[in-house]
Amino acid sequence: MLATRITQKEGTFYFIAYKADHLLDKVRFTSRYYFEGEEIAQAKITEHDEVAQFIAGIERSEKGFQRVLNRQKIKQIVNLYETVVAQPMIPGTVLLFTDETLRFQKLDGSESIGNLSEPKGKYLVIDGQHRLAGLHFFHEKHPDQSLQVEVPCLLFDGRSADFATEMFVIINSTHTRINRSHLVDLYEKVSWESPEKKFTAKVVNLLYSESDSPLQYKINRLGGRSKQEKWVLQSEVFNELLKLVTAHKRWIESHLDMKAVRCYALVRDYFKGVKDVMGEPWGQNDRYMFTRDVTLKALIRVLDDLIVDRKLITAWEEQRSHQPFAELVKPWATLTKDFRADGFYERFPAKGQLERVRKIHQRLLDAIVG
Numbered sequence: 081m082l083a084t085r086i087t088q089k090e091g092t093f094y095f096i097a098y099k100a101d102h103l104l105d106k107v108r109f110t111s112r113y114y115f116e117g118e119e120i121a122q123a124k125i126t127e128h129d130e131v132a133q134f135i136a137g138i139e140r141s142e143k144g145f146q147r148v149l150n151r152q153k154i155k156q157i158v159n160l161y162e163t164v165v166a167q168p169m170i171p172g173t174v175l176l177f178t179d180e181t182l183r184f185q186k187l188d189g190s191e192s193i194g195n196l197s198e199p200k201g202k203y204l205v206i207d208g209q210h211r212l213a214g215l216h217f218f219h220e221k222h223p224d225q226s227l228q229v230e231v232p233c234l235l236f237d238g239r240s241a242d243f244a245t246e247m248f249v250i251i252n253s254t255h256t257r258i259n260r261s262h263l264v265d266l267y268e269k270v271s272w273e274s275p276e277k278k279f280t281a282k283v284v285n286l287l288y289s290e291s292d293s294p295l296q297y298k299i300n301r302l303g304g305r306s307k308q309e310k311w312v313l314q315s316e317v318f319n320e321l322l323k324l325v326t327a328h329k330r331w332i333e334s335h336l337d338m339k340a341v342r343c344y345a346l347v348r349d350y351f352k353g354v355k356d357v358m359g360e361p362w363g364q365n366d367r368y369m370f371t372r373d374v375t376l377k378a379l380i381r382v383l384d385d386l387i388v389d390r391k392l393i394t395a396w397e398e399q400r401s402h403q404p405f406a407e408l409v410k411p412w413a414t415l416t417k418d419f420r421a422d423g424f425y426e427r428f429p430a431k432g433q434l435e436r437v438r439k440i441h442q443r444l445l446d447a448i449v450g
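Converting from the sequence shown to the working numbering requires adding 80 to each position, the first position being numbered 1.
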């Protein structure tokens, strides 16, 4: 196929145009798409295909595929394809990826234009799955019209899974494309993020997934798309812990060897100690506000303050348990009534969440150091 080779610094990729029906035969969908009773089944993805697993994970919720959202989006795209005449149907490029290295033969007299071989396998779509899904259904309904459609594509070949993942992040890292909580999951995947962000992202992931974490599965990693009971957005936990990691980086380097699993153990044991002391209010979010987002953020700020307490940290390092924290925060048991849901906002009046978090933080801190 005819292609234009594009070089940017050390990177090379290709601009190509595919006939609609040919392209649809050459791509695989990592999500299931619906349109008026029809569907495109997701491609089977092997456990070794890291890129496909990653992109498929972004496209789905914890409960499964977002069928209603996909159906609505596909309907809008198909409607666009059916109504535009003079305007192009797909004015933007679709980004394709193959880990196969393709052969490029330059045309005589040109350094950038030539013939490019096609991969033996199917392309993975880095960006444009919904547009291609809409094209699939448009092709099913209007096969004669779709034969006149050419799709502009940018093709990346012969790269690693990490490269494709990083490309996905770069292209989609705006708040309207991937929410902030999703982006936390991606920090480890990209080369240009700071060590502190990558480290903090690992700690947050352990807080969400480990069976001994008091916050296991209670951190909302999907923003408003989550269908399960959650206490706090992952982005908010990440932001608070990032402040802690940044402020105490030297201590973390010297005491925890900058190992995420050790930092996780510290945060886990702190929350375990708090849970032991608070008893009933922990997790009873219909009656109490103690494990709501504002209080959890305040609790992390208290931990930030406690790290400088050498006696406490020494006791934790020696015992490797939550008991030193439980002993320290015992006075919080007397604050149970303050965190009842009924009247909570009157007891902690504020103009917004930031001010309310500060007030809760100060109330908790005063109870153990005052």
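The C-beta atom is built at its ideal place from N, Cα and C for all residues, glycine as well. Nothing here was measured: the structure is a model prediction, and the numbers come from that model.
From the DSSP output, read off the bridge partner residues of residue i.
{"i": "residue 97", "result": "232"}
{"i": "residue 375", "result": "Answer is none; residue 375 lacks a bridge partner."}
{"i": "residue 83", "result": "194"}
{"i": "residue 185", "result": "195"}
{"i": "residue 88", "result": "91"}
{"i": "residue 237", "result": "178"}
{"i": "residue 319", "result": "Answer is none; residue 319 lacks a bridge partner."}
{"i": "residue 313", "result": "300"}
{"i": "residue 420", "result": "368"}
Are the CB atoms of residue i and residue j nearer to each other than 8 angstroms?
{"i": "residue 236", "j": "residue 85", "result": "no"}
{"i": "residue 204", "j": "residue 243", "result": "no"}
{"i": "residue 384", "j": "residue 327", "result": "yes"}
{"i": "residue 434", "j": "residue 408", "result": "no"}
{"i": "residue 379", "j": "residue 354", "result": "yes"}
{"i": "residue 345", "j": "residue 318", "result": "no"}
{"i": "residue 430", "j": "residue 439", "result": "yes"}
{"i": "residue 376", "j": "residue 216", "result": "no"}
{"i": "residue 420", "j": "residue 428", "result": "no"}
{"i": "residue 406", "j": "residue 358", "result": "no"}
{"i": "residue 309", "j": "residue 373", "result": "no"}
{"i": "residue 174", "j": "residue 224", "result": "no"}
{"i": "residue 196", "j": "residue 100", "result": "no"}
{"i": "residue 162", "j": "residue 218", "result": "yes"}
{"i": "residue 332", "j": "residue 312", "result": "no"}
{"i": "residue 402", "j": "residue 356", "result": "yes"}
Assign residue i to one of three DSSP states: helix, strand, or coil.
{"i": "residue 245", "result": "helix"}
{"i": "residue 206", "result": "strand"}
{"i": "residue 365", "result": "coil"}
{"i": "residue 439", "result": "helix"}
{"i": "residue 255", "result": "Since pLDDT at residue 255 reaches only 41, below the 50 mark, its modelled position is unreliable, and the value read off the structure follows with that caveat. The answer is coil: DSSP assigns residue 255 none of H, G, I, E or B."}
{"i": "residue 170", "result": "coil"}
{"i": "residue 387", "result": "coil"}
{"i": "residue 141", "result": "No answer about residue 141 holds up, because its pLDDT of 41 lies below 50 and its placement is not dependable."}
{"i": "residue 305", "result": "Because residue 305 sits at a pLDDT of 47, beneath the cut-off of 50, its placement in the model cannot be relied upon, and the point is left open."}
{"i": "residue 146", "result": "Note on residue 146: pLDDT 37, under 50, position unreliable in the model; the coordinate value appears next. Note: residue 146 maps to coil in three-state DSSP."}
{"i": "residue 347", "result": "helix"}
{"i": "residue 400", "result": "coil"}
{"i": "residue 107", "result": "strand"}
{"i": "residue 449", "result": "helix"}
{"i": "residue 428", "result": "coil"}
{"i": "residue 52", "result": "Shown here, the chain extends from 81 to 450; a query on residue 52 therefore has no answer."}
{"i": "residue 410", "result": "helix"}
{"i": "residue 226", "result": "helix"}
{"i": "residue 275", "result": "helix"}
{"i": "residue 58", "result": "Residue numbering for the chain in the displayed model covers 81 to 450; residue 58 lies beyond these limits and cannot be assessed."}
{"i": "residue 337", "result": "coil"}
{"i": "residue 155", "result": "helix"}
{"i": "residue 216", "result": "helix"}
{"i": "residue 160", "result": "helix"}
{"i": "residue 165", "result": "coil"}
{"i": "residue 328", "result": "coil"}
So is residue i in contact with chain B if we call contact Cβ pairs under 8 angstroms?
{"i": "residue 349", "result": "The structure shown has no chain B; it contains just one protein chain."}
Thinking C-alpha only, which one of the options is nearest residue i?
{"i": "residue 209", "options": "193, 179, 427, 107", "result": "107"}
{"i": "residue 180", "options": "212, 99, 199, 340", "result": "199"}
{"i": "residue 297", "options": "341, 363, 211", "result": "363"}
{"i": "residue 90", "options": "239, 190, 399", "result": "239"}
{"i": "residue 48", "options": "395, 191, 448, 172", "result": "There is no way to answer for residue 48, as the model of the chain reaches only from 81 to 450."}
{"i": "residue 291", "options": "187, 336, 315, 348", "result": "348"}
{"i": "residue 279", "options": "372, 162, 343, 401", "result": "343"}
{"i": "residue 276", "options": "288, 314, 325", "result": "325"}
{"i": "residue 220", "options": "286, 330, 186, 158", "result": "158"}
{"i": "residue 397", "options": "299, 288, 334", "result": "334"}
{"i": "residue 350", "options": "341, 386, 323", "result": "386"}
{"i": "residue 441", "options": "329, 381, 401", "result": "381"}
{"i": "residue 227", "options": "403, 102, 88", "result": "102"}
{"i": "residue 400", "options": "170, 336, 361", "result": "336"}
Report yes if the C-beta of residue i is less than 7 angstroms from at least one heavy atom of the ligand SAM; otherwise report no.
{"i": "residue 357", "result": "Inclusion of the ligand SAM in the displayed structure is not the case, the ligand content being empty and no account of it being possible."}
The stretch 224-233 in contact with the stretch 91-98 per 3-pair CB rule at 8 angstroms: Touching, per the Cβ criterion.
I want to know whether the stretch 360-368 touches the stretch 414-431 - three or more CB-CB distances under 8 angstroms. Touching, yes, given that three or more Cβ pairs across the two stretches are closer than 8 angstroms.
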